[in-house]
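One structure is given below, encoded as structure tokens.
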């Protein structure tokens, strides 16, 4: 089954102590869509300017991503510039130029409205609502967010939580949203705000799934070198949703394995700048990493 | 089989925003010995002063801990006082009074020298060496440490690493020792210093075992409330060594399960001040938590 992915489609300029990488393909929807494309057909919703490089359109196409919902507007593509410190844990934003993203309205082509799986990747909650308003009975809706929306659009976000199946956020966002220092207690509070499934991302420490059938502790793939973690969280949830959409059987059982698949794709994302590494892997490479991860948590 | 545990035996005064807990039983050896006692016979090596409360001696005895190696010297028992902030992550030392610990030499009774499992809990590396010097061909030796010894006794510690099977340290200590920000890369470097098994503790994020048969990612038991994390790391390695000593079969296979048992005991430790909760549990309660943990990492 197909996954609809809405979020930002951007150009990322990423600086590290060793390298300067101008105008890489980035944005939450780009990372999530490419990650999901290894498992199921993807329909992308986003906006780019007329400066958007043709090679990035070809890259989406190579991954079989449906671009009917990708708007091209006169103006500049959303551009984010950031810098990482040596330890890769501290990120500093150097510039955010919204460009055509500022006036983006995610209107869906008719062919998108019956997609059974919907991933509302990180984007303003009002736009996430707008997408849901156009959907016809999706089977499973997951939404990601970021600290910015907790600060400036909390009301919209809280309303969104009552409309989705799964909410994905990182541990610091969970603390900010719930005022709970303890992440487990925080996840319980988030359930009361609406979502049946709460997924807390903890970066190199993996992720937690809190669901009606209990807690699942998902490991991160242990990497001994991280090149660029930008988009790892988007790759995680993209891989997770793609795997879910591509699997038969019960949701709860598939979700656990989907977390592991998301972790595997996210680990590849960290091994290159932007989408450089992710776009060069195969489904077989992902399966291999999933097998390795399974061996690393197995008790026997 | 039995486990010899050497480390500090102390009185801990632990302050939190809500409570003051003077002179609890504490110290690395106390936590580790009680944790190990649920699985196998324990021989304790340590020193206390003549002010050491009789009720704590009875507590050790109730756990079947062999106290022939517990020295009682004229003077005061090692006393540590610390304070936790609301979030339980930041600890501040208020006082450290070494007392009789200052001149402690861990001389072993003859009956201790053939213990097959040896846990060198956190104590000066010179004393850990002194214990090993007296042992007769132990089967498995694990050593814990702390940042203090990396700062003031690094040479002794590096020599120790060539004499032990397993080295246990937390993630910040691994970074300090290896100058590697990446914990996985750090663990690889530590193997080159001697130990076949490297265990990196990550608190609420669980622990990693790096071994000749690969990596094992062990979860922490998810607690929605932490009362006092003092001694959790000692309980983890104590439970791990106790479980190992009490199990038949291959070391590598048992070690994975031992990590889960260590995590379970450590989680109980965090639920009360000092040893208050740990001393009130049963083996059945530990088994139940291990089963819960297994279900939380299982993919099916």
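Chains as they are written, first to last, in my numbering: chain A, 1 to 300; chain B, 301 to 600.
Note that CB positions come from ideal geometry on N, CA and C, so glycine has one too.
For clarity, every value in this text was computed on a predicted model and none was experimentally measured.
Quick check on DSSP: helix, strand or coil for residue i?
{"i": "residue 176/A", "result": "helix"}
{"i": "residue 303/A", "result": "A question about residue 303/A goes unanswered here, because the residues of chain A that appear run from 1 up to 300."}
{"i": "residue 396/B", "result": "strand"}
{"i": "residue 567/B", "result": "helix"}
{"i": "residue 235/A", "result": "helix"}
{"i": "residue 587/B", "result": "helix"}
{"i": "residue 66/A", "result": "strand"}
{"i": "residue 401/B", "result": "helix"}
{"i": "residue 156/A", "result": "helix"}
{"i": "residue 303/B", "result": "strand"}
{"i": "residue 202/A", "result": "coil"}
{"i": "residue 483/B", "result": "helix"}
{"i": "residue 597/B", "result": "helix"}
{"i": "residue 424/B", "result": "coil"}
{"i": "residue 76/A", "result": "coil"}
{"i": "residue 436/B", "result": "coil"}
{"i": "residue 542/B", "result": "helix"}
{"i": "residue 492/B", "result": "helix"}
{"i": "residue 278/A", "result": "helix"}
{"i": "residue 334/B", "result": "helix"}
{"i": "residue 224/A", "result": "coil"}
{"i": "residue 248/A", "result": "coil"}
By the criterion of Cβ-Cβ separation under 8 angstroms, what are the contact partners of residue i in chain A?
{"i": "residue 344/B", "result": "Simply none; closest approach about 30 angstroms."}
{"i": "residue 502/B", "result": "205"}
Assuming residue i contacts residue j under a Cβ cut-off of 8 angstroms, what Cβ separation, rounded to an integer in Å, is found between them?
{"i": "residue 229/A", "j": "residue 293/A", "result": "About 18 angstroms separates the two Cβ atoms, so there is no contact after all."}
{"i": "residue 325/B", "j": "residue 369/B", "result": "Their Cβ separation, rounded to whole angstroms, is 17 angstroms, which puts residue 325/B and residue 369/B out of contact at 8 angstroms."}
{"i": "residue 340/B", "j": "residue 303/B", "result": "6 angstroms"}
{"i": "residue 209/A", "j": "residue 34/A", "result": "Not confirmed; about 23 angstroms, so no contact."}
{"i": "residue 456/B", "j": "residue 426/B", "result": "5 angstroms"}
{"i": "residue 392/B", "j": "residue 382/B", "result": "6 angstroms"}
{"i": "residue 101/A", "j": "residue 13/A", "result": "In fact, because the Cβ distance is near 15 angstroms, the residues do not count as touching under 8 angstroms."}
{"i": "residue 517/B", "j": "residue 506/B", "result": "7 angstroms"}
{"i": "residue 541/B", "j": "residue 419/B", "result": "5 angstroms"}
{"i": "residue 534/B", "j": "residue 336/B", "result": "The Cβ separation is near 10 angstroms, so there is no contact."}
{"i": "residue 142/A", "j": "residue 165/A", "result": "7 angstroms"}
{"i": "residue 377/B", "j": "residue 348/B", "result": "5 angstroms"}
Name the DSSP beta bridge partners of residue i, please?
{"i": "residue 310/B", "result": "326/B"}
{"i": "residue 391/B", "result": "384/B"}
{"i": "residue 54/A", "result": "Residue 54/A is not bridged to any residue."}
{"i": "residue 71/A", "result": "47/A"}
{"i": "residue 672/B", "result": "Only positions 301 to 600 of chain B appear in this structure, which leaves residue 672/B out of reach."}
{"i": "residue 573/B", "result": "Per DSSP, none; premise fails for residue 573/B."}
{"i": "residue 517/B", "result": "508/B"}
{"i": "residue 171/A", "result": "According to DSSP, which records beta bridges pairwise, residue 171/A is partnered with nothing at all."}
{"i": "residue 15/A", "result": "20/A and 83/A"}
{"i": "residue 561/B", "result": "Paired residues: none, contrary to the question."}
{"i": "residue 42/A", "result": "3/A"}
{"i": "residue 197/A", "result": "166/A"}
Starting from the beta carbon of residue i, find every residue of chain A whose beta carbon is closer than 7 angstroms, and list them in chain order.
{"i": "residue 597/B", "result": "217 and 297"}
Please list the partners that residue i has in chain B, where partner means a Cβ-to-Cβ separation under 7 angstroms.
{"i": "residue 91/A", "result": "Near residue 91/A there are no residues of chain B at all, since even the closest Cβ is about 15 angstroms away, more than 7 angstroms."}
Residue i touches chain B at which residues, Cβ-Cβ below 9 angstroms?
{"i": "residue 300/A", "result": "553, 556 and 557"}
{"i": "residue 214/A", "result": "592, 595 and 596"}
{"i": "residue 260/A", "result": "599"}
Exercise. Listed in chain order, which residues of the segment 267 to 289 of chain A have Cβ atoms closer than 8 angstroms to some Cβ of chain B?
Worked result: none
For this session: Select from the segment 219 to 248 of chain A all residues with a C-beta closer than 8 angstroms to any C-beta belonging to chain B, and list them in chain order.
Result: 219, 222, 223, 224, 225 and 226
For this session: With 7 angstroms as the C-beta to C-beta threshold (strictly closer), list the residues of the segment 442 to 453 of chain B near chain A in chain order.
Result: none
Exercise. When Cβ atoms are compared, which residues of the segment 475 to 500 of chain B fall closer than 8 angstroms to chain A?
Worked result: 481, 482, 483, 484, 485 and 488
For this session: Report the residues of the segment 7 to 27 of chain A with a CB closer than 7 angstroms to any CB of chain B, ordered along the chain.
Result: none
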